[in-house]
Structures are given as C-alpha cells and as structure tokens.
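The block underneath contains the structure these notes are about, expressed in structure tokens.
There are 2 protein chains.
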Amino acid sequence: MTIGILGGGQLGYMLALAGYPLDFHFRFLDPSPQAPVGRIAPRVTAEYTDYEALDRFAHGLALVTYEFENVPVEAARHLAKHVPVYPPPEALEAAQDRLEEKTLFRKLRIPTTEFVALSSAAELAAAVQTLGLPCVLKTRRLGYDGKGQWVLRTPEDVAALNRDFPAAPLILEKFVSFERELSILAVRGRKGETAFYPLVENHHRGGILRLSLAPAPQLSLGLQHEAENAARRILEALDYVGVLAVELFESRGRLLANEIAPRVHNSGHWSIEGAVASQFQNHLRAVAGLPLGATRTLGHSAMLNLIGELPEAAELLAIPDAHLHLYGKSPRPGRKVGHVTVRADSSEQLALRLKQLPAFFQREEFCLPVQTSSVAK
Amino acid sequence: MTIGILGGGQLGYMLALAGYPLDFHFRFLDPSPQAPVGRIAPRVTAEYTDYEALDRFAHGLALVTYEFENVPVEAARHLAKHVPVYPPPEALEAAQDRLEEKTLFRKLRIPTTEFVALSSAAELAAAVQTLGLPCVLKTRRLGYDGKGQWVLRTPEDVAALNRDFPAAPLILEKFVSFERELSILAVRGRKGETAFYPLVENHHRGGILRLSLAPAPQLSLGLQHEAENAARRILEALDYVGVLAVELFESRGRLLANEIAPRVHNSGHWSIEGAVASQFQNHLRAVAGLPLGATRTLGHSAMLNLIGELPEAAELLAIPDAHLHLYGKSPRPGRKVGHVTVRADSSEQLALRLKQLPAFFQREEFCLPVQTSSVAK
Numbered sequence: 000m001t002i003g004i005l006g007g008g009q010l011g012y013m014l015a016l017a018g019y020p021l022d023f024h025f026r027f028l029d030p031s032p033q034a035p036v037g038r039i040a041p042r043v044t045a046e047y048t049d050y051e052a053l054d055r056f057a058h059g060l061a062l063v064t065y066e067f068e069n070v071p072v073e074a075a076r077h078l079a080k081h082v083p084v085y086p087p088p089e090a091l092e093a094a095q096d097r098l099e100e101k102t103l104f105r106k107l108r109i110p111t112t113e114f115v116a117l118s119s120a121a122e123l124a125a126a127v128q129t130l131g132l133p134c135v136l137k138t139r140r141l142g143y144d145g146k147g148q149w150v151l152r153t154p155e156d157v158a159a160l161n162r163d164f165p166a167a168p169l170i171l172e173k174f175v176s177f178e179r180e181l182s183i184l185a186v187r188g189r190k191g192e193t194a195f196y197p198l199v200e201n202h203h204r205g206g207i208l209r210l211s212l213a214p215a216p217q218l219s220l221g222l223q224h225e226a227e228n229a230a231r232r233i234l235e236a237l238d239y240v241g242v243l244a245v246e247l248f249e250s251r252g253r254l255l256a257n258e259i260a261p262r263v264h265n266s267g268h269w270s271i272e273g274a275v276a277s278q279f280q281n282h283l284r285a286v287a288g289l290p291l292g293a294t295r296t297l298g299h300s301a302m303l304n305l306i307g308e309l310p311e312a313a314e315l316l317a318i319p320d321a322h323l324h325l326y327g328k329s330p331r332p333g334r335k336v337g338h339v340t341v342r343a344d345s346s347e348q349l350a351l352r353l354k355q356l357p358a359f360f361q362r363e364e365f366c367l368p369v370q371t372s373s374v375a376k
Numbered sequence: 000m001t002i003g004i005l006g007g008g009q010l011g012y013m014l015a016l017a018g019y020p021l022d023f024h025f026r027f028l029d030p031s032p033q034a035p036v037g038r039i040a041p042r043v044t045a046e047y048t049d050y051e052a053l054d055r056f057a058h059g060l061a062l063v064t065y066e067f068e069n070v071p072v073e074a075a076r077h078l079a080k081h082v083p084v085y086p087p088p089e090a091l092e093a094a095q096d097r098l099e100e101k102t103l104f105r106k107l108r109i110p111t112t113e114f115v116a117l118s119s120a121a122e123l124a125a126a127v128q129t130l131g132l133p134c135v136l137k138t139r140r141l142g143y144d145g146k147g148q149w150v151l152r153t154p155e156d157v158a159a160l161n162r163d164f165p166a167a168p169l170i171l172e173k174f175v176s177f178e179r180e181l182s183i184l185a186v187r188g189r190k191g192e193t194a195f196y197p198l199v200e201n202h203h204r205g206g207i208l209r210l211s212l213a214p215a216p217q218l219s220l221g222l223q224h225e226a227e228n229a230a231r232r233i234l235e236a237l238d239y240v241g242v243l244a245v246e247l248f249e250s251r252g253r254l255l256a257n258e259i260a261p262r263v264h265n266s267g268h269w270s271i272e273g274a275v276a277s278q279f280q281n282h283l284r285a286v287a288g289l290p291l292g293a294t295r296t297l298g299h300s301a302m303l304n305l306i307g308e309l310p311e312a313a314e315l316l317a318i319p320d321a322h323l324h325l326y327g328k329s330p331r332p333g334r335k336v337g338h339v340t341v342r343a344d345s346s347e348q349l350a351l352r353l354k355q356l357p358a359f360f361q362r363e364e365f366c367l368p369v370q371t372s373s374v375a376k
C-alpha cells in the first residue's frame with residue numbers, strides 16, 4: 000500500500016519511519032526541494048495548488064493524508080475526488096480558521112474562551128466592551144507560533160491597534176488566566192474506534208513549544224476523562240480518521256479548549272519511546288484501516304524541542320534512556336531541527352535524569368528544571 | 000555522516016531505520032537488485048568481489064560495516080585500506096570458519112564442544128574414535144540454517160558418509176545434549192566500552208530460528224554473568240567494535256559456546272521494542288564512536304519469525320503490544336519475510352498474550368505455547 004503525504008517536513012519523516020515496518024510505501028508532495036523526506040522516500044516537488052502535480056502525485060496511491068495543517072483545503076478536496084483523504088478535508092477547514100474551530104467547540108458544548116468575530120476596526124470597541132479587558136485579537140487564519148496575535152490590556156492598547164488595524168478576518172478572545180497548557184492526542188479509526196494518549200503538559204517560549212511532559216504531572220483521572228470526552232466529540236463531529244491534537248488550558252481545575260491540529264503533533268513526539276504505539280504508527284494504522292495500537296505509556300517521558308541549534312550528540316547519548324531525533328535540516332534560528340525524549344520509570348527518576356542533561360539543555364529556554372512528581376488522584 | 004553497509008537485507012533495513020533519527024545517512028552494497036533497502040537508501044548493486052564497485056561504494060563514506068556475515072574477508076580488507084571497517088575483518092574471518100571460531104573459544108578458555116579438524120575421509124575414523132559417537136560433521140565454512148551438517152549416530156552412519164565424503168574443509172564436533180539454546184547480544188564501542196543484553200532463549204525448527212524469548216525464562220544472574228564474561232573475552236580478543244551475537248547451549252546449568260555472528264542478529268530483533276536501545280541503534284552508536292545505549296529490557300518479549308508466509312496484519316495488530324515488522328520481500332518458502340514482537344510487563348502476561356495470537360501463530364512451527372515464567376535467582 001502506497002500512502003501519499005502532503006507536506007514533507009519532520010512529521011512526514013517520522014510517519015515514514017513508523018510506517019516502513021508495516022510495509023507501507025510512501026510518496027510525498029512538498030513545495031521545497033529541501034524537504035527532509037527526500038532522503039527516505041520518493042517526493043514530488045510542487046506547490047499544493049498545482050493541480051496537475053497533485054494528480055501526478057495521487058496516481059496509484061491507496062490514500063492521502065497530510066502532515067501540514069495549512070495545506071489548502073481546495074487541494075485536499077481536489078484529491079478526495081480520486082482517492083480517499085484522511086483526515087477529511089472538513090477537519091482541515093475547521094482547524095485552519097480560529098472562528099470555525101471555536102464555533103465547533105461551542106456547538107459541541109466544549110468549554111472554550113469567550114470570543115467574538117471581527118472584520119473591521121469599527122467593530123472592535125463593541126467587541127472589547129462585550130468581552131472586557133484584557134483580551135487577545137488574533138487573525139482567524141495562518142497564525143502560528145505566536146504570530147498574528149495582539150494582547151490588549153488597556154484602552155490605550157485598543158486605541159493604538161485601532162489606528163493600525165490588521166487587514167484580515169479576525170477573532171477577539173477573552174484573555175484567560177490559566178495554570179498550565181495541556182494537550183491530548185486522540186486517534187480515530189475508519190470504523191469509528193477511538194484511543195487517547197494521556198494528557199501532556201506543554202511549556203512554550205516565544206510561542207514555540209519547548210518541553211512536553213507525558214503524562215502531565217499531577218494528572219487526575221477526572222481531568223483525563225474531561226479531555227477524552229472533549230476530543231471524542233470533536234472526532235465524531237468531524238467524522239475524523241487519524242490522529243488529532245487538542246490543545247487546552249487548565250484553569251482552576253477545568254479544561255478550556257484552545258485549538259485543534261488535524262495531524263500528528265509536536266506534543267506527541269514523546270510517544271515514539273514513551274508509549275506502546277507511537278502517534279505516528281497510530282495515525283497510519285487509523286488511515287490504513289488497521290486496528291489502533293495501544294496508547295499505554297511506558298514510564299514517564301519529557302520531550303525537549305531542538306530549536307535552531309543542536310546539542311553535542313555524544314554528550315546527550317551518554318544519558319541513560321535519552322533519545323535523539325534529528326530531522327536532517329540545517330540549523331537556523333527558530334527552526335525545529337530535532338527533539339530529544341528522556342524517559343524514566345518514575346517521575347522522580349525523570350526529574351533526576353533531566354538534571355543530568357548537558358549544560359546545553361539547562362538554559363532558560365528549555366524550561367528545565369521541572370516539577371514532575373505525578374500523582375494519579 | 001554516511002555509513003556504508005555491505006549487504007542489503009532486512010538487517011540492513013532495520014539498521015537504516017534505527018539510524019535515520021541520529022541523522023546518519025546510509026549507502027548499501029548488495030549483489031541483488033531486489034535488496035529491500037533500495038526503498039529507503041541509495042544502493043550499489045554489485046558483487047562483493049567487484050573491487051571497482053567497492054571503491055565506488057566507499058567513496059566519501061565515514062565508515063563501513065556489514066549486515067551479512069559471508070561478505071568475503073578480502074572485500075572487507077580491501078575497503079579497510081581506505082576507510083574504517085567495523086567490526087574488524089579479523090572478526091569476519093573468525094566467524095566464517097567453524098574451526099577458527101572454536102579454536103578462538105578454546106584459546107579464550109570459553110567452554111565449547113570437543114572438536115577435531117578434518118580434511119579427508121581418511122581422517123574420519125580416527126576423529127570419531129577420539130570424540131566418540133554421536134558426533135556431528137560440519138563444513139567449516141558457509142554452513143547456515145542446518146545446511147552442511149551430518150549427524151553421525153552409528154558406525155553405519157560413519158561408513159555411509161565415508162562412501163560419499165564432502166569435498167570441503169570440515170570439523171567434527173562431539174554431539175552435545177543440551178537443555179536449551181541461548182544467545183547473548185553484546186556490543187563494544189570504539190573506546191572499548193561494552194554492554195550486554197540479557198540472554199535470550201531460542202527455538203529452532205528445521206535449523207531456522209522461529210522464536211526468541213527475552214529475557215530467557217528462568218534466567219539466573221550466574222548464567223548471565225557467565226555469558227557476559229565469555230562474550231567480553233571474545234570482543235576483546237578480536238578488538239571488536241559493534242554488535243556481536245554469541246550462540247550458546249545450556250547443558251546441566253553450564254554454557255557451551257556454539258558460534259558467533261559478527262553482526263546484528265535475528266535473536267536480537269526483540270530489542271526494538273523490548274529494550275531501551277535496540278541492537279540496531281547500539282551497533283550504529285558503537286561503530287560511529289557514540290556512547291552505547293542502555294540495554295535494559297522493557298518488560299518481557301517474544302520474537303516470532305515469519306518464514307515464507309505472512310499473517311493477516313489486522314488480526315495480529317489487534318493484540319495489545321504486538322509489533323509487526325515486514326521486510327518488504329515477497330514471500331517464498333523458507334524465506335524470512337518479517338518478524339513479530341509481542342511484549343508484556345510480566346512473563347505471565349506475555350504467556351497469556353501469546354495464547355491470544357491468531358491461529359496462524361498457533362501452528363507447531365512457531366514453537367508456541369511456551370513456558371515463560373521467569374525467575375531471577
């Protein structure tokens with residue numbers, strides 16, 4: 000079975016590595032001739048909007064999936080005329096627009112921040128009045144890693160923004176104070192069966208994920224069930240097939256859904272070593288119509304992103320149960336070039352092991368040290 | 000770093016999959032244009048004795064290793080003039096000749112079966128007299144999977160063989176009655192550091208490995224130390240770098256070394272899921288001069304070889320913690336086309352899980368059910 004993947008970055012790379020043992024073949028489409036997957040799989044280099052290239056790409060494929068959430072929905076719909084596309088293009092569409100996403104949460108009665116849609120400066124004052132300060136103005140589309148967001152704390156912030164109003168569809172969200180950011184990786188098969196990884200605690204710097212702890216420290220069964228129920232409703236509403244990530248805020252013991260990613264997700268990379276079946280394997284099992292793999296954890300894991308620079312491999316690999324994943328990209332500032340997963344039998348042992356990591360990882364941006372004591376309540 | 004691998008079968012395939020996350024690049028040399036690695040790495044299709052092709056293959060490589068133990072020693076020596084070759088060609092040489100292998104064991108005071116070298120029919124009678132019946136005549140070179148062996152139980156067997164004497168250098172070995180077959184996977188780094196996986200219990204049918212249990216049931220610390228000490232002496236005597244497999248017989252609580260394989264080994268495939276660092280990753284770490292990874296087990300594993308035919312993937316993958324590895328080869332009788340690893344937290348749970356395997360695996364040749372209760376004494 001040859002699986003087509005739209006996008007040829009590290010997520011596609013790790014999907015292919017997870018899929019080869021199951022005898023899946025892969026073909027990628029990516030606009031960049033430098034896409035890392037070129038080393039391990041055939042690749043069509045073309046824009047997502049090049050329909051002729053899309054047809055060439057799709058020829059003979061058993062199905063198409065994607066590893067990049069900003070694939071144009073029209074490209075996915077075009078492919079879906081000829082070959083099954085999972086997750087469904089509707090999921091891509093919902094995830095690409097913050098307003099659609101939050102409207103979906105509201106429809107499914109999944110708690111989320113209060114929000115108001117905006118399309119002009121004229122509507123800003125009334126919207127701010129409705130939600131109250133502080134609040135956050137966001138572009139509905141294509142915002143990522145903290146880009147396309149404006150925090151409004153004072154009437155002066157509102158006035159300043161009004162003078163230089165962004166020319167894009169927008170959404171104003173009430174500012175939420177939260178204790179921590181969490182995410183849940185969920186997977187749904189072609190027959191509707193579902194599986195869920197434990198909630199993960201995520202730490203960001205400059206809007207970019209730096210550290211995930213899996214399972215999330217102090218994870219209660221109640222919180223896990225709340226997250227699973229929210230994720231299940233989204234999976235079912237979208238008739239979803241594959242892995243879905245739901246990002247959440249924990250605020251006073253309750254969860255607020257923030258956004259979804261219709262693909263394997265950076266906060267699930269720990270599952271390669273830290274779970275019986277990884278998110279990558281489970282995404283492939285789901286889209287290929289195979290039974291889902293167990294999402295049970297193997298001990299406690301911490302995943303650290305490598306952004307823009309690489310550690311000394313030998314120094315890192317001297318730490319027991321530290322696992323290095325390089326994506327074959329040349330380092331440049333802000334670029335995700337790899338990740339490290341450190342695993343341990345207990346959260347206490349994990350905390351110790353993280354302290355043993357080389358100096359490279361002890362800088363502020365890696366968000367260490369962390370409090371990792373985990374008690375199931 | 001680009002690593003050259005002589006041989007492009009499933010062992011090379013799994014080495015590449017283990018090496019990509021560490022950003023190793025690979026180039027393979029194999030005489031067959033059908034070698035499975037062609038899908039995931041560049042490959043030179045040539046005979047091992049084609050020195051021009053060897054030079055083309057070696058150009059720009061950081062080092063060369065092998066996944067096939069019958070690579071001609073001269074090819075390895077030729078390459079070693081220009082590029083580091085690990086394990087050293089001497090190890091290849093020792094492993095290719097049963098007489099050299101057993102002479103090495105004897106020199107290192109590692110218990111092994113009694114043996115006598117033979118080169119003609121004229122010497123057979125005296126050799127049989129020395130060792131006594133029953134005994135086994137084996138070709139010194141190129142025997143594998145039970146081929147090139149003659150069991151001599153009676154004077155009539157000896158007389159019959161004498162009339163049709165094999166035209167090859169031979170070794171006569173005393174027939175050993177043993178309780179079980181075991182193997183130990185050992186690894187040595189470029190600075191001489193060593194690590195050992197636990198002893199594995201192996202079950203063969205028709206001379207082909209069908210089932211490995213890791214750790215071996217009822218594995219005592221004493222037995223493990225005995226195996227590690229033997230493996231360490233071999234590693235050091237050969238100034239070895241990489242993974243080495245030592246096959247052993249357990250006979251009345253003692254170990255007898257049977258043979259070595261200077262490469263990753265079928266009885267170590269369980270380590271992909273069943274150990275912190277797999278044999279494939281550790282072989283690459285060793286040859287690349289990186290610290291060795293932890294050989295600690297994650298629970299209890301059973302590895303079942305798929306010989307000549309494939310199970311229904313969906314049926315197998317419905318079993319929790321069952322892992323399928325297909326090698327991308329078309330099935331034909333006697334051909335290793337994949338393996339399955341089943342893992343569990345305890346030996347009791349493993350035994351239960353093996354009972355749940357589909358009917359395909361419950362046929363006699365898979366050597367199930369097994370007694371897996373494991374007690375460290």
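Taken in sequence, the protein lines are chains A and B.
The first sequence lines up with residues 0 to 376 when you count with numbering that gives the first Met the number 0.
The second sequence lines up with residues 0 to 376 when you count with numbering that gives the first Met the number 0.
All residues carry an ideal CB built from backbone N, CA and C; glycine is no exception.
Since the structure is predicted, the reported quantities are computational estimates derived from the model, not experimental observations.
Along the segment 303 to 334 of chain A, the positions whose C-beta sits under 7 Å from a C-beta of chain B are Ala312, Ala313, Leu316, Ala317, Pro319, Asp320, Leu323, His324, Leu325, Gly327, read in chain order. For A/Tyr12, the three-state secondary structure derived from DSSP is helix. For A/Asp22, at least one C-beta of chain B is nearer than 8 Å to its own C-beta. B/Gly327 is the residue among B/Arg231, B/His299, B/Gly327, B/Leu291 whose C-alpha sits nearest the C-alpha of B/Leu305. Looking only at A/His322, A/Arg295, A/Val263, A/Glu272, the smallest Cα-Cα distance to B/Leu291 is reached by A/His322. Pairing B/Ile271 with A/Ser176, the inter-Cα distance amounts to about 43 Å. A straight line joining the alpha-carbon of A/Lys101 with that of A/Glu258 spans about 8 Å. Residue pairing from DSSP leaves A/Leu98 without any beta-bridge partner. For B/Ala244, the CB contacts under 7 Å within the same chain, skipping 5 residues up- and downstream, are Ser182, Leu184, Ile259, Ala260, His264, Ser266, Gly267 in chain order. For A/Val70, the three-state secondary structure derived from DSSP is coil. Rounded to the nearest angstrom, the gap between the Cα atoms of A/Ala125 and A/Thr138 is 18 Å.
Where B/Gln361 is concerned, there is no enclosing alpha helix (DSSP H), because DSSP gives it neither an H nor an E. Its Cα nearest to that of A/Leu283, the residue A/Tyr85 stands out among A/Arg162, A/Tyr85, A/Ala45, A/Pro41. Here B/Phe164 carries a coil assignment [DSSP, helix/strand/coil].
Per the C-alpha coordinates, the member of A/Arg55, A/Gly241, A/Ala121, A/Ala17 positioned closest to A/Thr193 is A/Gly241.
Our two residues, B/Pro216 and A/Val70, have alpha carbons roughly 51 Å apart in a direct line. The beta carbon of A/Gln355 sits closer than 8 Å to the beta carbons of Ile318 from its chain, once the five residues preceding and following it are set aside; these are given in chain order. Between A/Ala236 and A/Leu78, the gap from beta carbon to beta carbon reaches 8 Å or more. At a C-beta separation below 9 Å, A/Val275 has these neighbours in chain B: Glu272, Pro319, Asp320, His322, Arg342.
Under DSSP, B/His24 shares a beta bridge with B/Thr1. Under the Cβ distance rule, B/Ala293 counts among the residues neighbouring chain A, one pair being separated by less than 8 Å. The beta carbon of B/Leu10 is closer than 6 Å to those of Glu66, Val263 in its chain, skipping five residues each way along the sequence.
Apart from sequence neighbours up to five positions away, the residues of its chain that approach A/Asp344 with a beta-carbon distance below 7 Å are Gly298, ordered along the chain. Residues Ala15 of the same chain have their beta carbon placed closer than 6 Å to that of B/Ile39, with the five preceding and five following residues left out of the count. By the Cβ neighbour-count rule, A/Val275 is buried, with 16 or more other Cβ atoms within 10 Å of its own. Within a 10 Å sphere around the beta-carbon of B/Leu351 sit fewer than 16 other beta-carbons, which makes this residue exposed. Taking a 10 Å sphere around the C-beta of A/Thr129, we find fewer than 16 other C-beta atoms and assign the residue as exposed. Arg38, Ile39: these are the residues of the segment 26 to 39 of chain B whose beta carbon lies less than 9 Å from some beta carbon of chain A, given in chain order.
Interface annotation, A/Leu103: not in contact with chain B, CB-CB separation never under 8 Å. The DSSP-derived three-state label of B/Ile233 is helix. Between B/Gly252 and B/His203, the alpha-carbon positions lie close to 20 Å from each other.
When DSSP states are grouped into helix, strand and coil, A/Arg189 belongs to the coil group.
A Cβ-Cβ contact shorter than 8 Å links B/Gly3 with B/Leu60. In this structure, B/Leu5 is the residue among B/Arg342, B/Ala52, B/Leu5 with its C-alpha nearest to the C-alpha of B/Glu68. Interface residue (Cβ-Cβ distance to chain A less than 8 Å): B/Arg284 is classified as such. Secondary structure of B/Gln355 (DSSP, three-state): coil.
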